[in-house]
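Undergrad:
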Amino acid sequence: MAIAELGQGNIDAALAVVHAVELFRPSAILFVGIAGALHSDLQIGDVVTAVRVYAYQSGTMDDRGFRARPRAHDADLKLEQLARVIARSYRERPDLPPVYFRPVAAGDVVLNSLKQPLSEQLNDHYDDAGAIEMESAGMARACHTCRVPALVIRGISDRADGDKEIVDAAGSQPLAAQNAADFAVAVIVDYLSGSRRHATESKVWPPSPDLRRAAGSTPPVDRTTASSVDKASAGTARKPLSVEYQNAVRSAESYLRNGVFSRKGLIEQLSSEAGEGFSLEAATFAVDSLEIDYNKQAVKSARSYLRSGAFSRKGLIEQLSSDAGEGFTRSQAAYGADAVGL
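Just so we're aligned, residue 1 is where the sequence shown starts under full-length UniProt numbering, counting upward by one.
1. Considering only DSSP beta bridges, list what Phe101 is partnered with.
2. Give me the Cα-Cα distance between Arg102 and Val85, rounded to the nearest whole angstrom.
3. State the Cα-Cα distance for the pair Glu273 and Ser279, rounded to the nearest angstrom.
4. For a test of the three-state rule: what should DSSP assign to Glu133, helix, strand or coil?
5. Would you kindly report the start and end of the unbroken beta strand (DSSP E) that includes Phe31?
6. Taking the straight line between their C-alpha atoms, what separation do you get for Leu82 and Asp338?
7. Confirm, please, whether the CB-CB distance from Pro94 to Gly45 is below 8 Å.
8. Do you know how far the Cα of Lys164 is from the Cα of Arg154?
9. Within its chain, find whatever has a CB closer than 7 Å to the CB of Ser172; leave out the 5 residues flanking it on each side and keep chain order.
10. With the cut-off set at 8 Å, would you say Arg134 and Asn295 are in Cβ contact?
11. Measuring alpha carbon to alpha carbon, tell me which residue in Thr329, Ala310, Glu22 and Gly341 is nearest Asp41.
12. Taking C-beta to C-beta, are Val104 and Ala131 nearer than 8 Å?
13. Please report how far the alpha carbon of Lys78 lies from the alpha carbon of Asp63, in whole angstroms.
14. Please name the residue, chosen from Ser262, Arg313, Arg263 and His144, that lies closest to Val18 on a Cα-to-Cα basis.
15. Among Arg257, Leu151 and Ile317, whose alpha-carbon lies nearest the alpha-carbon of Glu291?
16. Going by DSSP, what residue range makes up the alpha helix (DSSP H) through Gly315?
17. Let me know the secondary structure DSSP gives Tyr126 once reduced to three states.
18. Using beta-carbon positions only, say whether Ala20 and Tyr56 come within less than 8 Å of one another.
19. Would you please state the rounded distance, in angstroms, between the beta carbons of Val287 and Arg263? I believe it to be under 8 Å.
20. Rounded to whole angstroms, how far is the Cβ of Val111 from the Cβ of Ala160, which I believe are closer than 8 Å?
21. Would you mind stating whether Val152 and Phe285 have Cβ atoms separated by less than 8 Å?
22. With DSSP run on the structure shown, which of helix, strand or coil describes Asp74?
23. Identify the residues that DSSP records as bridge partners of Ala177: which are they?
24. Which residue comes first and which comes last in the beta strand (DSSP E) that contains Leu151?
25. Bridge partners for Tyr54 per DSSP, in chain order?
26. By the 10 Å Cβ neighbour count, where 16 or more other Cβ atoms means buried, how is Ser208 classified, buried or exposed?
27. What is the DSSP secondary structure of Ile3, reduced to helix, strand or coil?
28. Taking only three categories from DSSP, how would you classify Gly138?
29. Tell me the DSSP secondary structure of Glu326 in three-state form.
30. To the nearest angstrom, how far is the alpha carbon of Gln121 from that of Val99?
31. Indicate whether Ala142 and Ala14 have their beta-carbon atoms separated by less than 8 Å.
32. In whole angstroms, what separates the C-alpha of Ala333 from that of Asp293?
33. Please classify Asn247: is it buried, with 16 or more other beta-carbons within 10 angstroms of its beta-carbon, or exposed?
Here it is as structure tokens:
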């Protein structure tokens, strides 16, 4: 693992990435730093993981004004999905900052006003962008050219609204940088640990100092899962569980300790290529061998959604039960909505 510190600017970022790729041949690059918020729901210290990077200054200017010709680079799917799994832990940890997954706009301008044409331009052409900064477009372009998976993680240090100097003086930049770095370390540890075939402790975020030092090493033995594996083995009248099935059970327990899942969602996480990569049979067996109260899981998920936004009863049930949401059954979703008073 190699770490480099950069200054401002997309060109310098691109050059640094190309040099790093030539020198280290990395399997992935994480680009970590601070950014200004473009959405009002983002607070100082929140973390934004970029699902897409916009080079927002690409376009033409004529008598009709600015006409965007955006160049965009999507996040690497595997890294993004890994980050989403780790981000679930914040839902049960009110002491941790929220992690959002939104596009990020990158140019060569420090935006510190809501009244300037640039602010209007971003709102008109890139209204889904949650944050703005000055380096990720160059990094993303270089990673695309070099064919290296990449992910951008930013901590919100200001709101790009004219108060940058005030919040900077109050210590917003160190806070934002620390929060982004903590989350990035968790992603790195999990990525390096090769967690596709075994459970790891890296789902606990932010990582402990011991976990930081352990990046790339064999994860500690999880003694708490042995009884579950033994129960699963005892419950089969046939031959003992294969190594894959045992690891799937351990991995399922690891996810449940640090996140909230429906049956469908947990099976998908265990079996998908973006997740752990177990066979569908092993993933299904692992989930069904555990005693999981999905009504309780739905309640936890419902509370998490209400902490981050406003929902009607119908909307919350839809979010909890839809394939694009959490994947609970309708009855479980309704139970969750009832439990939170909707």
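By construction, the Cβ of each residue, glycine as well, lies at the ideal position given by its N, Cα and C atoms. Keep in mind the model is a prediction, meaning the values are calculated, not measured.
TA: By the coordinates alone:
1. Beta-bridge pairing links Phe101 to Thr49.
2. In this model, Arg102 and Val85 are separated by some 15 Å (Cα to Cα).
3. Approximately 10 Å, taken between the alpha carbons.
4. Three-state result, Glu133: strand.
5. Where Phe31 is concerned, the enclosing beta strand (DSSP E) stretches over Ile29 to Ala37.
6. For Leu82 and Asp338, the gap between their C-alpha atoms comes out near 31 Å.
7. Between Gly45 and Pro94, the CB-CB gap reaches or exceeds 8 Å.
8. For Arg154 and Lys164, the gap between their C-alpha atoms comes out near 16 Å.
9. Counting only Cβ-Cβ distances below 7 Å, and skipping sequence neighbours, we find Ile44, Ser157 and Asp158.
10. Reading off the sequence shown, one finds Met at residue 134, where the question assumed Arg. Taking 8 Å as the cut-off, the Cβ atoms of Met134 and Asn295 do not count as close.
11. Selection Thr329, Ala310, Glu22 and Gly341 evaluated against Asp41 yields Ala310 as nearest (Cα-Cα).
12. Yes; because the gap between Cβ atoms is below 8 Å, this pair is in contact.
13. Their Cα atoms are separated by approximately 43 Å.
14. For the set Ser262, Arg313, Arg263 and His144, the Cα lying nearest the Cα of Val18 is the one of His144.
15. Distances from the CA of Glu291 to each of Arg257, Leu151 and Ile317 were compared; the closest alpha carbon is that of Arg257.
16. For Gly315, the enclosing alpha helix (DSSP H) has its first and last residue at Arg313 to Ser321.
17. Coil at Tyr126, not helix or strand.
18. Their beta carbons are not under 8 Å apart, which means Ala20 does not touch Tyr56 by this criterion.
19. Contact flag correct, Cβ pair sits at about 6 Å.
20. Before going further, note that residue 111 is Leu rather than Val in the sequence given. Confirmed, about 4 Å.
21. With respect to Phe285, Val152 sits apart: the two C-beta atoms are not nearer than 8 Å.
22. The answer is strand: DSSP assigns Asp74 an E or B state.
23. DSSP, once it has assigned bridges, lists no residue as partnering Ala177.
24. It spans Ala150 to Asp158 - the beta strand (DSSP E) in which Leu151 sits, taken as one unbroken run.
25. BP columns for Tyr54 point to Ala72 and Ala105.
26. Annotation note: pLDDT 44 at Ser208 (below 50); position unreliable, coordinate value reported separately. Ser208 is exposed by the Cβ-count criterion.
27. Taken through DSSP and simplified to helix, strand or coil, Ile3 comes out as coil.
28. Three-state DSSP puts Gly138 in a helix.
29. In this structure, Glu326 counts as coil in the three-state DSSP scheme.
30. Taking the straight line from one Cα to the other gives about 26 Å.
31. At a Cβ-Cβ threshold of 8 Å, Ala142 and Ala14 count as neighbours.
32. Their Cα atoms are separated by approximately 13 Å.
33. Classification of Asn247: buried, given that the 10 Å Cβ count is 16 or more.
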